[in-house]
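Remarks on the structure that follows.
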Amino acid sequence: MFSKVRNALYNAVGGVEALPAVADGEDQSRTRVPKFPYARPHFLLFQQDEVQVSADHQIRPIIVPRDISKIPWLSGYAETVNAGKSTWNEDQACVQQRILVRESEKHIQGAGMPYTYFALFDGHAGYGAAVAAANQLHNIVHKKLMDVIDHVLPPLELGNNGVHGHMEASTHRGMALWFPEKALPVDAFITGALELAFNEMDAQIGEDKKKYVMKGGCTCVVALFIAGKLYVANAGDSRAVRCSLGKPYPMSNDFTPSTERRRLQQLAAHKPELLSDNFTHLEYNPRPGRALMGRKILYRDVFMTGWAYKTCAPEDLRTPVVTGEGKRSRLLATIGVTRGLGDHELRSIIHNTPIKPFLSSHAEVKIYNIEAQKINESDVLVMGTDGLWDVTSNERTAEIVQHSLQNFPFGDKANAKYRFTSAAQDLVMHSRGKPEGHNWQTTGGAPGTIDDISVFVIPLTPYKSEWEAWKQKNEELRQIKSAKLPTSSIITSEEPRTDMDLQFPADSLPTGNQTTGPSDRTTTPLQNGTSSSSIPIEVFVSQPDVANALDLRLAEISLDAEEVLAPEPEDTIVSNGESSAATGDNADPTSPNYCER
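Be aware that the sequence shown starts at 1, since it is given in full-length UniProt numbering, and climbs by one per residue.
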C-alpha cells in the first residue's frame, strides 16, 4: 500500500523500520502507551514467542490455527507475514458468535437470534488502528444491532392491537416510539447498523489517538451471517468473493484512488482549501511539465466524462489529487486506499497536506440471501486482504478453492474437517510464492506479493442449516407464547424435565388413565391442578415430544383467558433438538441473490 518499494528498501538497508508519513513526537512516545498490545488473532492461540517466529521475513511461514474448531463451521484461515516492508504483520482478523436477545427475554431458551461475525483488517503505516478495530468493532456492531432489535428479531408475541409486544411498551435505549409511514425491510436496519458501526469505530480511533499510541490506519471487510442472509461490509481494498462450483461472484468492490477518482475530484473542486494550493482537482493526459507551458494540453474537469484542450498555465503544473492508475494510483501522492479506519494524522509526503478529509469510513454493504438459495457443499465465501488479490484474481481464487476442496471429499469424515483450512493455505501459498534469490515468485514465475496476506474460507451450508433449525425452534416458541402460557413455563433449567403443570376446564380434558397421543407412546400422568369447577384432573404429556403433545391438546381446547386458570408452574422446559447439516442442491450461479445497499 504505502510506497512498498521504498519501505522495503528502508528495511533492507541497515534493518531500520519503515518511516511513517508523519512521525509521532518524542514526548508522545514517552508518555503514551498502546491501548491494545500487539498480538495475532485470538483464535490462533499464540504465545509471545510464537508471535516472534511468525514474523520471520525470510521464511515467511504460512500460519494456520492449531485448533480449527476455534473457528465456526471449521472455516479455514491462513496468514503469512510480509517480505520485510514492516517489522510486524499488520493484518488482523476477528471471529465472533453472539446472540441478539431482548433483556426481558434472556431467561427464555431460543428467544434470541444467533449471528456470526468474521472480519479482516489490513493495517498500514503501523498496526495500531488494525489492532484497535479487531478488538472493538464487533462490540460496536452488536450495540448497533441491539438498537434495532425490534425490527430484526421476529416477535415472540403480538400486543393487543397486533403490534409487537416489546416494541409497544419499549423504552429500549430511549428509542422514540414512532413508526415510519413506509414499512422498511430487515435489510435496511442491519445495513444501517453496519454503516454506523464503521463510522463510530473510525471516530473512536480518532479519540483514542489523543490518549494512546495508535499509529496508522486500516482497511476493513466484515462478513455478518444473520437473519438467514450474508451481509458483507467493506471499506478499502480488502475483498470478499463468493465461490460456487469454481466460479467467483464478488461480494465487495475495491476502493482505491482509481476507483473513487470522481468522488475525490469533486470534493477537491468544491473545497479547494483542502488542497492548500499544492494540488489540483483536474485530470490530465498526460500530466504536463514546464516544457508544455503555453501549449495545448488534454484535460478534463469533474463534470466531464470526455476530454478537451486547454492552454497550459502555471496552476496546471500542480500535482493532481489522484495520480497513477489501478493498484499504482495514489491519493495526494501518498496512499493507495480511499476508505478505511484511522489515518487521522496522515499527511501527504510531498506537501504535508492533511489527507483525512479525503478518506471515508463509509462501508459499502452487499447482501446475499442464503436462506432463499440452493447452497452446494463447496459454496464458500473467501475473504482476503489485498496481499492475496494483488497476485491472485477472483477467477483463479475460485479455481484454487474448487481444486483444493476436491482433495478432501465431504464424505471423508476423517479428513473433511481440514478441507477449508487447506483451501485457505493454498490461496496464501499461491500469492506468496516461493523464494527465488532475493525475490518471491509464484509457480508460473510471476512475482509473488511482498505484502502481508490473511485469508478466510467460510462454508455457507452450515449457516443455512443452523438458520433453518433456529427458525423452526423459534416458531415453536412463539406458538407456545401465543397460547398465553405463563412466561415461567418456558424457562430452561440446567437439567431438562418434561413435566408441565397446567390447568384446563374440566370438560375439556381426559381423566383417569386416558392418553392424549398414540397408544404406543409412553406417557406420564401429572396430577397438580384443579379445574375451574375445583375437580382434580390429570394432564398427560408425551415425554419424548412435549411440543407435539401440547399441539394435540391445544387443537381441541379453547384457550380463552377467562377459562384458563393457570397457577405458577414449578419448572418447564422447551425441547432443544439439533439439526444436521443440509447438503442442498447445486447453486444457481446465474442468479446470485444479493443486492447493494
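Virtual Cβ for every residue (Gly too), placed ideally from N, Cα, C.
DSSP places W440 within a strand segment (E or B) once states are collapsed to three. DSSP links F279 through a beta bridge to T319. If the five residues before and after V222 are omitted, its C-beta is found closer than 6 Å to the C-beta atoms of A119 and A233, all from its own chain and listed in chain order. Residue range I149 to V152 is occupied by the alpha helix (DSSP H) that includes H151. If you look at M429, you'll find it in the alpha helix (DSSP H) that goes R419 to R432. Contact between C218 and A130 holds, with the beta-carbon distance rounding to 4 Å and staying under 8 Å. Judged by beta-carbon spacing, V380 lies within the 8 Å limit of F420, meaning their Cβ atoms are closer than that value. For D122, the uninterrupted beta strand (DSSP E) run begins and ends at M113 to H124, by DSSP. Per DSSP, reduced to three states, the secondary structure at G306 is coil, with no helix or strand assignment. Note that the C-beta distance between I453 and E79 is below 8 Å. For P37, same chain residues with a beta-carbon under 7 Å away, outside a window of 5 residues either side, do not exist. With respect to T385, F255 sits apart: the two C-beta atoms are not nearer than 8 Å. Between L44 and I63, the gap from beta carbon to beta carbon is short of 8 Å.
Note: F225 is bridge-paired with T116 and L230 in the DSSP secondary-structure output. L100 is positioned such that its CB atom lies closer than 8 Å to that of L145. When DSSP states are grouped into helix, strand and coil, V380 belongs to the strand group. Under the DSSP definition of a beta bridge, Y249 partners with R242. A straight-line Cα-Cα distance of about 11 Å links I190 and A197.
In this structure, the beta-carbon distance from V186 to H138 does not fall below 8 Å. Straight-line measurement puts the Cα of K434 at about 38 Å from the Cα of N352. Closest option to P288, judged by alpha-carbon separation, among S244, I370 and T311: T311.
The beta-carbon distance between G228 and E377, rounded to whole angstroms, is 19 Å. This is too long to meet the 8 Å contact definition. The stretch 385-403 makes no contact with the stretch 296-313: fewer than 3 CB pairs, one atom from each, lie closer than 8 Å. The Cβ atoms of V95 and I71 lie closer than 8 Å to each other. For the pair G123 and G192, the CB atoms are not nearer than the 8 Å cut-off. Taking 8 Å as the cut-off, the Cβ atoms of T397 and P248 count as close. Judged by DSSP secondary structure, E364 falls outside any alpha helix (DSSP H) and instead within the beta strand (DSSP E) spanning E364 to Y368. If you compare the alpha carbons of Q441, I400 and L184 with that of Q425, the shortest gap goes to I400. Contact annotation: M201 and L346 have beta-carbon atoms that are not nearer than 8 Å. Of the residues A363, W470, T323 and K481, the one whose Cα lies closest to the Cα of M113 is W470. Only residues of its own chain outside the window of five on either side were considered, and among them A363 have a CB closer than 6 Å to the CB of E195, listed in chain order. V81 is the residue among M304, V81, Y463 and T31 whose C-alpha sits nearest the C-alpha of S54.
Q96 carries a strand assignment under DSSP once its states are collapsed to helix, strand and coil. The DSSP-derived three-state label of A193 is helix. P65 and R432 have their C-alpha atoms some 19 Å from each other. Per DSSP, the continuous alpha helix (DSSP H) segment holding Y463 begins and ends at T461 to S482.
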